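**Student:** Can you keep this structure in mind? I'll have questions shortly.
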Amino acid sequence: MEKNILIITGGSSGLGLEIVKQAMNRGLYVCNLGRNEQKMKELDSIFQENYKGFLGDIADEEFVIKSIQEIAKIGNIAYLINNAEKACFKEPSQYTKADIELSLKGLKGMILCSTQTLKIKKETDLKIINIMSSAALKGNKQEALYCAAKWGERGYTESLKAAYKGSSVKIIGVYPGGMNTEFWENNRDYVSEEKSKAFMPPKEVATVILDNIMNYHNVKVADIIIERN
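No gaps in the numbering here: position 197 of the sequence shown is 352 in this note's numbering, and each next residue is one more.
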């Protein structure tokens, strides 16, 4: 029987890792595209079956093309979850070119992975899930660059919806609020460790996402907004 595959970007930690674990428990074969060499090697040693890691940068078109082509040989690509992101939080006057390039990696990867997967799947029978942020729904102080990237991802997501309306390609936008993950470790001057402890557990958010995307064929979920109490 052909394997049903879920591709995820940034699945080596945080929400992405929770999705990897839960998707495997639900019977899916998971292909994880990530750039942290140490963490990816650790996952290779932990997950012996129904998992394959691809080490590289999703903003690198050559890496994405080769990875998706290899994944297509394993089985049927049923889901693509664009989850990887990078961010920095500063006053609007403090951003540099390096900050801009870092923050836009997620958007670039989302477009590259979606484009190549759509080509491989011949634009049929595919669910693309773009995990963004509540920052894609409103502007926030000290988040100008992060919001710019997320609003770009939202615009891309909405355009894909319009392009594939009525087809067997389904596009789902996910907008979670703050989660207690490693995402904040490099931004402790903006969100303290104590503050992040009050954010949502990634395990619960992963469950909400998978419950909603793995639904019956005659039910369509268009957007998932996940807020903390």
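For every residue, glycine included, the Cβ atom is placed at its ideal position computed from N, Cα and C.
Fair warning: this is a prediction, and the values are worked out from it, not measured in the lab.
Relative to the C-alpha of A304, which candidate in G321, N285, L365, V363 has its C-alpha closest?
**Tutor:** That would be N285, whose Cα lies nearest to the Cα of A304.
**Student:** Measuring only the C-alpha atoms, how far is M265 from N370?
**Tutor:** Near 23 Å, if we compare the C-alpha coordinates of N370 and M265.
**Student:** Comparing C-alpha positions only, which one of F354, Y311, E216 sits nearest to G332?
**Tutor:** With distances taken between Cα atoms, G332 lies closest to F354.
**Student:** Taking the CB atoms as reference points, tell me whether G211 and D199 lie closer together than 9 Å.
**Tutor:** It is not a contact, given that the beta carbons lie outside the stated cut-off.
**Student:** Taking only runs that begin and end inside the segment 246-332, name each unbroken beta strand (DSSP E) of 3 or more residues, in chain order.
**Tutor:** For the segment 246-332, whole beta strand (DSSP E) runs of length 3 or above, ordered along the chain, are 281-286, 324-331.
**Student:** Considering just the uninterrupted stretch of the beta strand (DSSP E) at N187, what are its terminal residues?
**Tutor:** 184-189 is the span of the beta strand (DSSP E), which, as asked, contains N187.
**Student:** Which class does T336 belong to by DSSP, given the choice of helix, strand or coil?
**Tutor:** In this structure, T336 counts as coil in the three-state DSSP scheme.
**Student:** Within this structure, are the beta carbons of S269 and N237 separated by less than 9 Å?
**Tutor:** For S269 and N237, yes; Cβs fall inside 9 Å.
**Student:** For N384, count the other beta carbons within 10 Å of its own beta carbon; 16 or more makes it buried, fewer makes it exposed. Which is it?
**Tutor:** By the 10 Å Cβ count, N384 comes out exposed.
**Student:** Spatial neighbours of K276 within its chain, please: CB distance less than 7 Å, with the 5 preceding and 5 following residues excluded, ordered by chain position.
**Tutor:** If we look at K276 and ignore the five residues flanking it on each side, its Cβ neighbours are I232.
**Student:** Grouping DSSP H, G and I as helix and E and B as strand, with all else coil, what is A178?
**Tutor:** The answer is helix: DSSP assigns A178 an H, G or I state.
**Student:** Taking C-alpha atoms, which residue in A291, E217, Q203, E298 lies nearest to S248?
**Tutor:** The option with the nearest alpha carbon to S248 is E298.
**Student:** Note down the Cα distance separating T362 from F338, rounded to an integer number of angstroms.
**Tutor:** About 19 Å.
**Student:** Within the same chain, show all residues whose beta-carbon is closer than 6 Å to that of C243, passing over the 5 residues directly before and after it, in chain order.
**Tutor:** Excluding residues within five positions, the ones whose Cβ falls inside 6 Å are D254.
**Student:** Measure the C-alpha to C-alpha separation of T312 and A214 and round it to an integer number of angstroms.
**Tutor:** If I take the Cα positions, the gap works out to 17 Å.
**Student:** Closer than 8 Å by C-beta to T279: which residues in its own chain qualify, once you throw out the five before and the five after it? Chain order, please.
**Tutor:** For T279, where only same-chain residues beyond five positions count, the Cβ hits under 8 Å are S322, S323, V324.
**Student:** Specify, as a first and last residue, the run of the alpha helix (DSSP H) that A361 falls within.
**Tutor:** Looking at the DSSP string, the run of the alpha helix (DSSP H) that includes A361 is 357-368.
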